[in-house]
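Structure, as C-alpha coordinates:
In full-length UniProt numbering, the protein residues as written are 1 to 399.
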(Lines of atoms letter the chains of each structure in order from A and count residues from 1; the text may use other names and numbers.)
(Lines give C-alpha, C1' and ligand atoms only; values in the text may rest on other atoms or scores of the structure.)
Protein backbone atom coordinates (compact mmCIF):
# COMPACT_ATOMS: atom_id res chain seq x y z
CA UNK A 1 0.00 0.00 0.00
CA UNK A 2 1.20 3.47 -0.86
CA UNK A 3 -0.98 6.39 0.17
CA UNK A 4 1.43 9.02 -1.15
CA UNK A 5 -0.67 11.53 -3.11
CA UNK A 6 0.02 11.93 -6.80
CA UNK A 7 1.05 15.33 -8.08
CA UNK A 8 -2.53 15.95 -9.20
CA UNK A 9 -3.98 14.93 -5.85
CA UNK A 10 -1.47 17.05 -3.97
CA UNK A 11 -2.16 20.10 -6.13
CA UNK A 12 -5.92 19.72 -5.69
CA UNK A 13 -5.56 19.28 -1.92
CA UNK A 14 -3.35 22.36 -1.57
CA UNK A 15 -5.73 24.45 -3.66
CA UNK A 16 -8.69 23.26 -1.59
CA UNK A 17 -6.85 24.09 1.63
CA UNK A 18 -6.26 27.65 0.44
CA UNK A 19 -9.84 28.21 -0.67
CA UNK A 20 -11.39 26.70 2.44
CA UNK A 21 -8.95 28.60 4.64
CA UNK A 22 -9.61 31.94 2.96
CA UNK A 23 -13.40 31.68 2.80
CA UNK A 24 -14.34 29.76 5.96
CA UNK A 25 -13.53 32.18 8.78
CA UNK A 26 -15.73 31.70 11.89
CA UNK A 27 -17.47 35.06 11.49
CA UNK A 28 -18.31 34.24 7.88
CA UNK A 29 -19.74 30.88 8.90
CA UNK A 30 -21.82 32.49 11.62
CA UNK A 31 -23.28 34.89 9.06
CA UNK A 32 -24.24 31.97 6.80
CA UNK A 33 -26.50 30.50 9.49
CA UNK A 34 -27.59 27.00 8.51
CA UNK A 35 -27.39 27.59 4.78
CA UNK A 36 -24.69 27.12 2.17
CA UNK A 37 -21.97 29.70 1.61
CA UNK A 38 -22.71 30.49 -2.02
CA UNK A 39 -19.48 32.40 -2.64
CA UNK A 40 -17.37 29.54 -1.30
CA UNK A 41 -19.26 27.00 -3.40
CA UNK A 42 -18.77 29.14 -6.49
CA UNK A 43 -15.04 29.43 -5.74
CA UNK A 44 -14.64 25.66 -5.34
CA UNK A 45 -16.47 24.89 -8.58
CA UNK A 46 -14.71 27.71 -10.42
CA UNK A 47 -11.36 26.26 -9.37
CA UNK A 48 -12.39 22.94 -10.92
CA UNK A 49 -12.24 20.99 -7.65
CA UNK A 50 -15.58 19.21 -8.09
CA UNK A 51 -14.68 18.28 -11.65
CA UNK A 52 -11.20 17.18 -10.53
CA UNK A 53 -12.69 14.42 -8.37
CA UNK A 54 -13.33 12.45 -11.54
CA UNK A 55 -9.58 12.44 -12.20
CA UNK A 56 -8.10 12.16 -8.70
CA UNK A 57 -10.24 9.23 -7.59
CA UNK A 58 -11.73 8.42 -4.21
CA UNK A 59 -8.42 8.96 -2.42
CA UNK A 60 -8.23 12.40 -3.97
CA UNK A 61 -11.76 13.15 -2.75
CA UNK A 62 -10.88 12.00 0.78
CA UNK A 63 -7.95 14.43 0.77
CA UNK A 64 -10.22 17.29 -0.33
CA UNK A 65 -12.88 16.45 2.24
CA UNK A 66 -10.24 16.39 4.93
CA UNK A 67 -9.58 20.05 4.14
CA UNK A 68 -13.29 20.85 4.23
CA UNK A 69 -13.63 19.15 7.61
CA UNK A 70 -10.80 21.18 9.11
CA UNK A 71 -12.82 24.34 8.54
CA UNK A 72 -16.34 22.84 8.77
CA UNK A 73 -17.11 24.74 5.57
CA UNK A 74 -20.82 24.92 4.78
CA UNK A 75 -20.95 23.67 1.21
CA UNK A 76 -22.48 20.48 -0.30
CA UNK A 77 -19.07 19.34 -1.52
CA UNK A 78 -19.13 15.77 -0.16
CA UNK A 79 -22.73 15.10 -1.21
CA UNK A 80 -22.33 16.45 -4.74
CA UNK A 81 -19.07 14.58 -5.32
CA UNK A 82 -20.31 11.26 -3.93
CA UNK A 83 -23.94 11.15 -5.05
CA UNK A 84 -23.39 13.18 -8.20
CA UNK A 85 -19.93 13.22 -9.76
CA UNK A 86 -18.67 9.76 -8.72
CA UNK A 87 -22.05 7.99 -8.85
CA UNK A 88 -22.86 9.14 -12.38
CA UNK A 89 -19.28 8.62 -13.59
CA UNK A 90 -19.19 5.05 -12.29
CA UNK A 91 -22.75 3.89 -12.95
CA UNK A 92 -24.36 6.23 -15.46
CA UNK A 93 -24.77 5.52 -19.15
CA UNK A 94 -22.55 7.24 -21.68
CA UNK A 95 -25.40 9.63 -22.46
CA UNK A 96 -25.97 10.40 -18.77
CA UNK A 97 -22.29 11.07 -18.18
CA UNK A 98 -22.08 13.41 -21.17
CA UNK A 99 -25.20 15.30 -20.11
CA UNK A 100 -24.89 15.43 -16.31
CA UNK A 101 -21.20 15.53 -15.41
CA UNK A 102 -20.39 18.94 -16.96
CA UNK A 103 -23.24 20.59 -15.03
CA UNK A 104 -22.23 18.88 -11.78
CA UNK A 105 -18.59 19.79 -12.22
CA UNK A 106 -19.47 23.43 -12.89
CA UNK A 107 -21.67 23.63 -9.80
CA UNK A 108 -24.80 24.29 -11.85
CA UNK A 109 -26.25 20.99 -10.63
CA UNK A 110 -26.05 20.22 -6.91
CA UNK A 111 -26.71 16.58 -6.06
CA UNK A 112 -27.44 14.97 -2.72
CA UNK A 113 -28.50 11.47 -1.72
CA UNK A 114 -31.62 10.25 0.09
CA UNK A 115 -30.53 6.95 1.55
CA UNK A 116 -33.44 6.25 3.95
CA UNK A 117 -34.62 3.24 5.91
CA UNK A 118 -35.55 0.19 3.83
CA UNK A 119 -38.85 0.65 2.05
CA UNK A 120 -39.22 4.39 2.66
CA UNK A 121 -39.44 5.11 -1.08
CA UNK A 122 -40.96 2.72 -3.59
CA UNK A 123 -41.17 2.57 -7.35
CA UNK A 124 -44.32 1.26 -9.01
CA UNK A 125 -44.43 -0.76 -12.23
CA UNK A 126 -44.14 2.41 -14.32
CA UNK A 127 -41.11 3.65 -12.38
CA UNK A 128 -42.97 6.43 -10.52
CA UNK A 129 -41.50 7.04 -7.06
CA UNK A 130 -43.51 7.61 -3.90
CA UNK A 131 -42.49 7.96 -0.27
CA UNK A 132 -40.79 10.17 2.27
CA UNK A 133 -37.14 10.58 3.28
CA UNK A 134 -37.27 12.32 6.64
CA UNK A 135 -33.83 13.95 6.62
CA UNK A 136 -31.74 14.53 3.50
CA UNK A 137 -28.51 16.53 3.95
CA UNK A 138 -28.07 19.60 1.74
CA UNK A 139 -31.54 19.11 0.24
CA UNK A 140 -32.32 22.83 0.46
CA UNK A 141 -29.52 23.54 -2.02
CA UNK A 142 -29.94 20.50 -4.27
CA UNK A 143 -31.17 20.48 -7.83
CA UNK A 144 -31.16 16.67 -7.94
CA UNK A 145 -31.47 13.85 -5.41
CA UNK A 146 -30.13 10.33 -5.86
CA UNK A 147 -32.89 8.14 -4.46
CA UNK A 148 -32.77 4.37 -3.82
CA UNK A 149 -36.14 2.63 -3.96
CA UNK A 150 -37.21 -0.33 -1.83
CA UNK A 151 -35.40 -2.70 -4.19
CA UNK A 152 -32.19 -0.63 -3.96
CA UNK A 153 -32.34 0.60 -7.51
CA UNK A 154 -31.09 4.15 -7.93
CA UNK A 155 -33.05 7.02 -9.43
CA UNK A 156 -31.91 10.59 -10.04
CA UNK A 157 -34.84 12.88 -9.29
CA UNK A 158 -35.04 16.58 -10.17
CA UNK A 159 -36.09 18.66 -7.17
CA UNK A 160 -37.97 21.03 -9.50
CA UNK A 161 -40.40 18.24 -10.46
CA UNK A 162 -43.97 19.15 -9.50
CA UNK A 163 -44.32 15.78 -7.76
CA UNK A 164 -41.39 16.56 -5.43
CA UNK A 165 -41.89 18.48 -2.19
CA UNK A 166 -39.14 19.64 0.15
CA UNK A 167 -39.36 21.09 3.65
CA UNK A 168 -36.55 22.57 5.71
CA UNK A 169 -35.28 20.42 8.60
CA UNK A 170 -32.77 21.58 11.19
CA UNK A 171 -30.04 19.10 12.12
CA UNK A 172 -27.29 19.21 14.71
CA UNK A 173 -24.75 20.47 12.17
CA UNK A 174 -25.79 23.17 9.66
CA UNK A 175 -26.15 20.87 6.67
CA UNK A 176 -29.07 22.70 4.98
CA UNK A 177 -31.10 19.51 5.40
CA UNK A 178 -34.67 18.92 4.33
CA UNK A 179 -37.54 16.45 4.27
CA UNK A 180 -38.15 14.92 0.84
CA UNK A 181 -41.64 13.84 -0.21
CA UNK A 182 -42.23 12.10 -3.54
CA UNK A 183 -45.74 11.66 -4.96
CA UNK A 184 -45.35 9.55 -8.09
CA UNK A 185 -42.26 11.52 -9.06
CA UNK A 186 -40.30 10.62 -12.16
CA UNK A 187 -36.59 9.96 -12.13
CA UNK A 188 -33.96 8.50 -14.40
CA UNK A 189 -32.36 5.22 -13.43
CA UNK A 190 -28.68 5.24 -12.57
CA UNK A 191 -26.76 2.00 -12.92
CA UNK A 192 -27.61 -1.66 -12.87
CA UNK A 193 -30.36 -3.28 -10.90
CA UNK A 194 -29.33 -3.73 -7.27
CA UNK A 195 -32.00 -6.29 -6.48
CA UNK A 196 -31.47 -8.66 -3.53
CA UNK A 197 -31.36 -12.42 -3.90
CA UNK A 198 -34.97 -12.50 -2.74
CA UNK A 199 -37.16 -9.48 -3.18
CA UNK A 200 -39.29 -8.43 -0.21
CA UNK A 201 -42.90 -9.34 -0.79
CA UNK A 202 -45.06 -6.54 -2.06
CA UNK A 203 -42.14 -4.29 -2.98
CA UNK A 204 -42.42 -2.08 -6.00
CA UNK A 205 -40.16 -2.64 -8.94
CA UNK A 206 -39.47 -0.47 -11.95
CA UNK A 207 -38.26 -1.35 -15.41
CA UNK A 208 -35.10 -3.23 -16.23
CA UNK A 209 -31.60 -2.13 -15.31
CA UNK A 210 -29.54 0.36 -17.24
CA UNK A 211 -26.12 -0.44 -18.69
CA UNK A 212 -24.08 1.00 -15.80
CA UNK A 213 -20.71 -0.49 -14.98
CA UNK A 214 -20.46 -3.07 -12.15
CA UNK A 215 -18.74 -2.23 -8.88
CA UNK A 216 -15.78 -4.18 -7.45
CA UNK A 217 -17.88 -5.86 -4.74
CA UNK A 218 -21.20 -5.81 -2.94
CA UNK A 219 -22.26 -4.17 0.27
CA UNK A 220 -25.52 -4.40 2.13
CA UNK A 221 -28.22 -1.71 2.31
CA UNK A 222 -28.25 1.18 4.76
CA UNK A 223 -30.53 1.91 7.63
CA UNK A 224 -30.98 5.30 9.14
CA UNK A 225 -28.72 6.11 12.04
CA UNK A 226 -30.16 6.88 15.48
CA UNK A 227 -30.35 10.21 17.19
CA UNK A 228 -29.12 13.24 15.32
CA UNK A 229 -30.08 12.35 11.79
CA UNK A 230 -32.31 9.62 10.40
CA UNK A 231 -31.78 8.15 6.98
CA UNK A 232 -28.00 8.00 6.85
CA UNK A 233 -25.53 5.48 5.47
CA UNK A 234 -25.22 3.24 8.52
CA UNK A 235 -25.64 -0.46 9.15
CA UNK A 236 -28.60 -2.56 8.08
CA UNK A 237 -29.10 -4.90 11.00
CA UNK A 238 -29.56 -8.39 9.55
CA UNK A 239 -27.51 -8.75 6.38
CA UNK A 240 -29.30 -9.09 3.05
CA UNK A 241 -27.26 -9.43 -0.10
CA UNK A 242 -27.53 -6.66 -2.66
CA UNK A 243 -25.48 -6.04 -5.76
CA UNK A 244 -25.05 -3.22 -8.22
CA UNK A 245 -24.91 0.54 -8.28
CA UNK A 246 -26.48 1.01 -4.85
CA UNK A 247 -23.76 -1.04 -3.20
CA UNK A 248 -21.01 0.86 -4.94
CA UNK A 249 -22.41 4.28 -4.02
CA UNK A 250 -22.97 3.18 -0.42
CA UNK A 251 -19.38 1.97 -0.06
CA UNK A 252 -17.92 5.12 -1.60
CA UNK A 253 -20.10 7.36 0.58
CA UNK A 254 -18.89 5.63 3.73
CA UNK A 255 -15.26 6.18 2.81
CA UNK A 256 -15.83 9.78 1.72
CA UNK A 257 -17.68 10.83 4.86
CA UNK A 258 -15.03 9.09 6.96
CA UNK A 259 -12.54 11.36 5.19
CA UNK A 260 -14.66 14.36 6.12
CA UNK A 261 -14.58 13.20 9.74
CA UNK A 262 -10.76 13.09 9.61
CA UNK A 263 -10.72 16.80 8.88
CA UNK A 264 -13.33 17.61 11.51
CA UNK A 265 -11.30 15.79 14.15
CA UNK A 266 -7.99 17.28 13.02
CA UNK A 267 -9.48 20.77 13.17
CA UNK A 268 -10.91 20.19 16.63
CA UNK A 269 -7.60 18.86 17.92
CA UNK A 270 -5.65 21.75 16.38
CA UNK A 271 -7.87 24.25 18.18
CA UNK A 272 -7.43 22.34 21.45
CA UNK A 273 -3.65 22.34 21.06
CA UNK A 274 -3.62 26.08 20.41
CA UNK A 275 -5.88 26.79 23.39
CA UNK A 276 -4.00 24.63 25.91
CA UNK A 277 -0.64 25.97 24.75
CA UNK A 278 -1.67 29.60 25.25
CA UNK A 279 -3.90 29.35 28.32
CA UNK A 280 -1.94 29.32 31.57
CA UNK A 281 -2.75 27.96 35.01
CA UNK A 282 -0.49 28.41 38.04
CA UNK A 283 2.13 30.06 35.89
CA UNK A 284 2.43 27.40 33.19
CA UNK A 285 0.43 26.46 30.10
CA UNK A 286 -2.36 23.94 30.43
CA UNK A 287 -0.53 21.72 27.94
CA UNK A 288 2.11 21.03 30.61
CA UNK A 289 -0.50 19.13 32.62
CA UNK A 290 -0.13 15.37 32.22
CA UNK A 291 -3.88 14.83 32.06
CA UNK A 292 -4.17 17.31 29.20
CA UNK A 293 -1.28 15.66 27.36
CA UNK A 294 -2.83 12.20 27.65
CA UNK A 295 -6.25 13.41 26.54
CA UNK A 296 -4.77 15.14 23.50
CA UNK A 297 -2.58 12.14 22.68
CA UNK A 298 -5.59 9.81 22.71
CA UNK A 299 -7.45 12.20 20.41
CA UNK A 300 -4.48 12.31 18.05
CA UNK A 301 -4.27 8.51 17.87
CA UNK A 302 -8.00 8.27 17.21
CA UNK A 303 -7.72 10.84 14.41
CA UNK A 304 -4.85 8.94 12.80
CA UNK A 305 -6.83 5.69 13.01
CA UNK A 306 -9.70 7.28 11.10
CA UNK A 307 -7.26 8.69 8.56
CA UNK A 308 -5.37 5.48 7.82
CA UNK A 309 -8.51 3.35 7.50
CA UNK A 310 -10.15 5.91 5.20
CA UNK A 311 -6.99 6.17 3.10
CA UNK A 312 -6.68 2.40 2.82
CA UNK A 313 -10.31 1.92 1.78
CA UNK A 314 -10.04 4.71 -0.80
CA UNK A 315 -6.74 3.38 -2.13
CA UNK A 316 -8.18 -0.11 -2.55
CA UNK A 317 -11.19 1.31 -4.37
CA UNK A 318 -9.00 3.23 -6.79
CA UNK A 319 -6.80 0.18 -7.33
CA UNK A 320 -9.83 -1.97 -8.19
CA UNK A 321 -9.38 -4.17 -5.11
CA UNK A 322 -12.13 -5.52 -2.82
CA UNK A 323 -12.91 -2.93 -0.15
CA UNK A 324 -16.23 -3.86 1.51
CA UNK A 325 -14.72 -4.61 4.90
CA UNK A 326 -12.34 -1.67 4.59
CA UNK A 327 -15.18 0.78 3.92
CA UNK A 328 -17.03 -0.50 6.97
CA UNK A 329 -13.87 -0.35 9.07
CA UNK A 330 -13.31 3.27 8.09
CA UNK A 331 -16.96 4.09 8.87
CA UNK A 332 -16.68 2.42 12.29
CA UNK A 333 -13.56 4.36 13.23
CA UNK A 334 -15.09 7.60 11.96
CA UNK A 335 -18.21 7.02 14.03
CA UNK A 336 -16.71 5.69 17.26
CA UNK A 337 -13.39 7.51 17.38
CA UNK A 338 -14.77 10.65 15.77
CA UNK A 339 -17.21 11.38 18.55
CA UNK A 340 -14.48 10.73 21.13
CA UNK A 341 -12.18 13.26 19.47
CA UNK A 342 -14.72 16.08 19.22
CA UNK A 343 -15.74 15.51 22.83
CA UNK A 344 -12.08 15.73 23.83
CA UNK A 345 -11.62 18.91 21.82
CA UNK A 346 -14.51 20.55 23.62
CA UNK A 347 -13.38 19.21 27.01
CA UNK A 348 -9.85 20.56 26.60
CA UNK A 349 -11.28 24.04 26.05
CA UNK A 350 -12.78 23.95 29.53
CA UNK A 351 -15.65 26.36 30.05
CA UNK A 352 -14.87 28.02 26.72
CA UNK A 353 -15.83 24.80 24.96
CA UNK A 354 -19.37 25.14 26.25
CA UNK A 355 -19.83 28.41 24.37
CA UNK A 356 -22.17 27.67 21.48
CA UNK A 357 -20.59 30.44 19.42
CA UNK A 358 -16.99 29.26 19.88
CA UNK A 359 -15.47 27.74 16.70
CA UNK A 360 -14.64 24.47 18.49
CA UNK A 361 -18.34 23.90 19.04
CA UNK A 362 -18.84 23.64 15.28
CA UNK A 363 -16.40 20.74 15.20
CA UNK A 364 -18.33 19.11 18.02
CA UNK A 365 -21.61 19.46 16.11
CA UNK A 366 -20.13 18.19 12.86
CA UNK A 367 -18.47 15.24 14.58
CA UNK A 368 -21.70 14.19 16.23
CA UNK A 369 -23.64 14.68 12.99
CA UNK A 370 -21.20 12.50 11.06
CA UNK A 371 -21.30 9.86 13.80
CA UNK A 372 -25.06 9.58 13.36
CA UNK A 373 -24.99 9.85 9.57
CA UNK A 374 -22.56 6.95 9.36
CA UNK A 375 -25.06 4.92 11.38
CA UNK A 376 -23.49 4.73 14.82
CA UNK A 377 -20.59 2.46 15.68
CA UNK A 378 -22.63 -0.48 16.95
CA UNK A 379 -24.68 -0.82 13.76
CA UNK A 380 -21.64 -0.55 11.52
CA UNK A 381 -19.76 -3.04 13.68
CA UNK A 382 -22.66 -5.49 13.48
CA UNK A 383 -22.66 -5.26 9.71
CA UNK A 384 -18.89 -5.70 9.56
CA UNK A 385 -19.16 -8.77 11.78
CA UNK A 386 -21.80 -10.30 9.52
CA UNK A 387 -19.61 -9.70 6.49
CA UNK A 388 -16.56 -11.24 8.14
CA UNK A 389 -18.62 -14.19 9.40
CA UNK A 390 -19.67 -15.02 5.86
CA UNK A 391 -23.32 -13.91 5.83
CA UNK A 392 -22.63 -11.43 3.04
CA UNK A 393 -20.66 -11.16 -0.19
CA UNK A 394 -17.15 -12.52 0.10
CA UNK A 395 -14.13 -10.33 -0.53
CA UNK A 396 -13.46 -10.33 -4.25
CA UNK A 397 -16.85 -11.79 -5.17
CA UNK A 398 -17.95 -10.35 -8.54
CA UNK A 399 -21.16 -8.37 -8.75
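C-beta atoms are modelled at their ideal positions from N, C-alpha and C, and glycine is treated no differently.
Item, Value
"Reference residue 132, options 365, 147, 94, 140, closest by Cα", "147"
"Residue nearest to residue 105 in terms of C-alpha spacing, selected from 84, 91, 365, 379", "84"
"Residues sharing a beta bridge with residue 104, DSSP", "DSSP lists no partner for residue 104."
"Secondary structure of residue 311, DSSP reduced to three states", "helix"
"Where the beta strand (DSSP E) containing residue 135 begins and where it ends", "129-136"
"Ordered list of beta strand (DSSP E) runs contained in the region 148-201, each at least 3 residues", "154-158, 164-168, 178-185, 187-190"
"Option nearest residue 108 by Cα separation, candidates 23, 325, 42, 165", "42"
"Touching by the beta-carbon criterion (3+ pairs, under 8 Å), the region 291-307 and the region 266-283", "yes"
"Inter-residue spacing [alpha-carbon to alpha-carbon] between residue 87 and residue 250", "10 Å"
"Sequence-distant residues of the same chain with beta carbon closer than 8 Å to residue 97, five excluded per side", "88, 89"
"Close Cβ partners of residue 188 (< 6 Å) along its chain, the five nearest in sequence each way excluded", "156"
"Where residue 9 falls: helix, strand or coil (DSSP)", "helix"
"Own chain, CB closer than 6 Å to residue 327, minus 5 neighbours either side, in chain order", "251, 254, 255, 313"
"Cross-strand partners of residue 121 (DSSP beta bridge)", "131"
"C-alpha gap between residue 5 and residue 40, whole angstroms", "25 Å"
"Own chain partners of residue 303 with C-beta closer than 8 Å, once the 5 adjacent residues on each side are dropped", "262, 265, 266, 269, 337, 341"
"Start-end ranges of the alpha helix (DSSP H) lying completely within the region 251-322, minimum 4 residues", "290-318"
"Rounded Cβ spacing between residue 58 and residue 318 (contact assumed at less than 8 Å)", "6 Å"
"Identity of the residues DSSP links to residue 145 by a beta bridge", "112, 157"
"Residue 244 beta carbon less than 7 Å from that of residue 375", "no"
"Contact under 7 Å by Cβ, residue 36 with residue 74", "yes"
"Whole-Å CB distance - residue 141 paired with residue 76, under 8 Å assumed", "5 Å"
"With 16 other Cβ atoms within 10 Å as the buried cut-off, status of residue 384", "buried"
"Inter-residue Cα distance where the pair is residue 143 and residue 136", "13 Å"
"Burial state of residue 20, where buried means 16 or more other Cβ atoms lie within 10 Å", "buried"
"Helix, strand or coil at residue 3 according to DSSP, with G and I counted as helix", "coil"
"Euclidean distance between Cα positions of residue 166 and residue 382", "33 Å"
"Coarse secondary structure for residue 388, derived from DSSP in three states", "helix"
"Backbone secondary structure at residue 74 - three-state DSSP", "coil"
"Top-ranked residue by Cα proximity to residue 80, from 126, 29, 53", "53"
"Whole-angstrom distance between residue 153 and residue 279, CA atom to CA atom", "54 Å"
"Contacting residues, own chain, Cβ-Cβ under 8 Å from residue 46 (five flanking each side not counted)", "107"
"Rounded separation between residue 24 and residue 17 - CA only", "10 Å"
"Option in 333, 364, 335 with minimal Cα separation from residue 347", "364"
"Within 7 Å, strictly: CB atoms of residue 380 and residue 331", "yes"
"Nonlocal neighbours in the same chain, by C-beta distance under 8 Å from residue 177, ignoring five residues either side", "135, 136, 137, 138, 139, 140, 168, 169, 170, 171, 229"
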